[in-house]
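A.B. asks: To start, I am sharing the structure in question, which I have written as structure tokens.
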Amino acid sequence: MNPTLTLTYLLVGALLTNVLLKLWLNARQVRHVALHRAEVPETFATQISLSDHQKAADYTLAKAKVSQIDIMLEAAILVGWTLLGGLSALNALVLEFMAPGLWQQVVLVLCFTLVGALLDLPLSLYQTFVLEQRFGFNKMTWSLWFSDSVKGLLLGLVLGVPLIAMVLWLMQAGGAYWWFWTWCALVFWQLFLMAIAPNVIMPLFNKFTPLEDEALKTRVNGLMQRAGFTAKGFFVMDGSKRSAHSNAFFTGFGASKRVVFFDTLLKQLSSAEMEAVLAHELGHFKHRHIFKMMLTSFILSLLGLALLGFASQQIWFYTGLGVMPNLLGGNEAVALLLFMLVVPVFTFLLAPLSSWRSRIQEYEADAYAVSQTPAKDLSSALLKLYQDNASTLTPDPLYVMFYYSHPPASLRLARMQNA
Ligand SMILES: [Zn+2]
């Protein structure tokens, strides 16, 4: 069979498998949660009220409905861009207005991104202003949404255009090993973004005020010293202006870190629970999880770019995915976009692997937290977070296997008790 048709069939087969698998997992999750809606699981019967349990179930079911639409929409958009010729048409349209070259390709990537964002818009608005609203999580106003979008767009242009231009230029001028030079540039870019994120990017969207609670500060400082870290400062972030969901995190490289609490978290947890949550986060640092994750992603992106280096030289790579390549050259942007569209279809079956790894790391961080602070503080903090975020306590095991980056509450608490 000719390679063009083989690739087309491969894509269609993989996409169908993905869609059916995702819908099936979704249906399993719905059935499992609905089945356990009537009663709080025995282990949590004393801590979680029936109404909270049912709110979590209803929230999970409502999200599953949206995700069902999302799965099909995503597949339709992918087919639209590739086999139905969307990307080819967009390319031809841009070429009507601009002469072929680097900047025409940059504009193609920008137009593609813009169209993609517009296609995602209705569902994302529905999620924020209808779904999250109905369950009391949305705190976003329309004016905040608008200013976030404008800022995001400008930031995307300022940071994105140089990156796209650089990558496309390397693809054209970098010779046979352009993918390696591109990879070096991307790694550098990633580290640069991480370095400027806390001081330049995040303050554009949120306010960070120093933590005022002296008792909590002393407490958390003590924990960090015991664990061998120094805190560069404690900050409170006004997460509540967008959502009632909560979090705590660290920013910064090396041993000294800025600790950031969502204001929503401060309201929900006692200081002992707060300390336990931070101890969990410190556990991620002790086990070098962030470093390991980055290393994995760098290795995978090197493999991906090497593959793209090969694929972009093959005519069947374009024709098999519904694009007529320009035979006089200048296909870099098209190759890049096709690759980014299609690769996730072929890697979805590996999702359980990365979810599994992430869940192992959560257990490790929990174990570390329990070695630094009383286990009862972490378990009560976790239960409160599950409750306040309306996370279901009865997910479907297979769904968990594919999607959950954190183990379900019952398993986490059981491990802690055994420790
Ligand atoms: Zn964690």
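Residue numbering for the sequence shown follows my numbering, starting at -3 and increasing by one per position.
Cβ coordinates follow ideal geometry from the N, Cα and C atoms, glycine included.
Just so we're clear, the structure is a prediction, and the values are computed from it rather than from any experiment.
1. Quick check: what's the CA-CA separation for Leu379 versus Pro199?
2. What residue does the alpha helix (DSSP H) around Met290 start on, and which one ends it?
3. Tell me which residues share the same chain as Ala227 and place their Cβ nearer than 8 angstroms to its Cβ, disregarding the 5 neighbours each side in the sequence.
4. State whether the segment 87 to 104 contacts the segment 40 to 51, with contact taken as three or more CB pairs (one from each stretch) at a distance under 8 angstroms.
5. Check for me: the alpha helix (DSSP H) holding Pro206 runs from which residue to which?
6. According to the Cβ coordinates, are Trp165 and Leu301 closer than 8 angstroms?
7. Under the three-state reduction of DSSP, which class applies to Val36: helix, strand or coil?
8. When the Cα atoms are used, what is the spatial distance from Ala34 to Pro391?
9. Under 6 angstroms from any heavy atom of ligand 1, by CB: list those residues in chain order, please.
10. Going residue by residue through the segment 108 to 165, where are the continuous beta strand (DSSP E) segments of at least 3 residues, counting only ones entirely within it?
11. Starting from Gly229, follow its DSSP beta bridges and name the residues at the other end.
12. Taking the alpha helix (DSSP H) that Thr42 falls in, what are its first and last residues?
13. Just the Cα atoms here: how many angstroms apart are Ala371 and Tyr395?
14. By the 10 Å Cβ neighbour count, where 16 or more other Cβ atoms means buried, how is Gln413 classified, buried or exposed?
15. If you count every other CB in all the chains shown that lies within 10 Å of the CB of Tyr173, and 16 or more means buried, which is it?
16. Excluding sequence positions up to five away, which residues of its chain have a Cβ less than 6 angstroms from the Cβ of Thr315?
17. In three-state DSSP terms, what is Ala244?
C.D. replies: This is what the structure holds:
1. By 1-based counting over the sequence shown, the position of residue 379 is 383. By 1-based counting over the sequence shown, the position of residue 199 is 203. Cα to Cα, the separation comes out at about 30 angstroms.
2. Here residue 290 corresponds to residue number 294 of the sequence shown, with the count starting at 1. Here the alpha helix (DSSP H) through Met290 covers His285 to Ala307.
3. Along the sequence shown, one-based indexing puts residue 227 at 231. Taken in chain order, the residues that qualify are Val216, Asn217, Met220, Ser252, Lys253, Arg254 and Val255.
4. no
5. Stepping through the sequence shown from its first residue, residue 206 is reached at position 210. No alpha helix (DSSP H) holds Pro206; the beta strand (DSSP E) holding it covers Phe204 to Pro206.
6. Start at 1 with the first residue of the sequence shown, and residue 165 comes out as number 169. Start at 1 with the first residue of the sequence shown, and residue 301 comes out as number 305. Going by C-beta atoms, Trp165 is not nearer than 8 angstroms to Leu301.
7. Numbered from its first residue, the sequence shown carries residue 36 at position 40. If DSSP states are grouped into helix, strand and coil, Val36 belongs with coil.
8. On the sequence shown, residue 34 is found 38 positions in, with the first residue counted as 1. On the sequence shown, residue 391 is found 395 positions in, with the first residue counted as 1. In a straight line, the C-alpha of Ala34 is about 14 angstroms away from that of Pro391.
9. His276, His280, Glu358 and Ala361
10. none
11. By 1-based counting over the sequence shown, the position of residue 229 is 233. According to DSSP, which records beta bridges pairwise, Gly229 is partnered with Arg254.
12. Your numbering for residue 42 matches position 46 in the sequence shown. Note, Thr42: premise wrong, no alpha helix (DSSP H); not H, not E.
13. Here residue 371 is taken as the residue at index 375 of the sequence shown, counted from 1. Here residue 395 is taken as the residue at index 399 of the sequence shown, counted from 1. Ala371 and Tyr395: Cα-Cα distance of roughly 28 angstroms.
14. Residue numbering aside, residue 413 sits at position 417 when the sequence shown is read from its first letter. Result: exposed.
15. Here the question's residue 173 lines up with position 177 in the sequence shown. When all chains shown are included, Tyr173 counts as exposed.
16. One-based indexing of the sequence shown puts residue 315 at position 319. Answer for Thr315: Thr0, listed in chain order.
17. To locate residue 244, count along the sequence shown from 1; it is residue 248. Note: Ala244 maps to strand in three-state DSSP.
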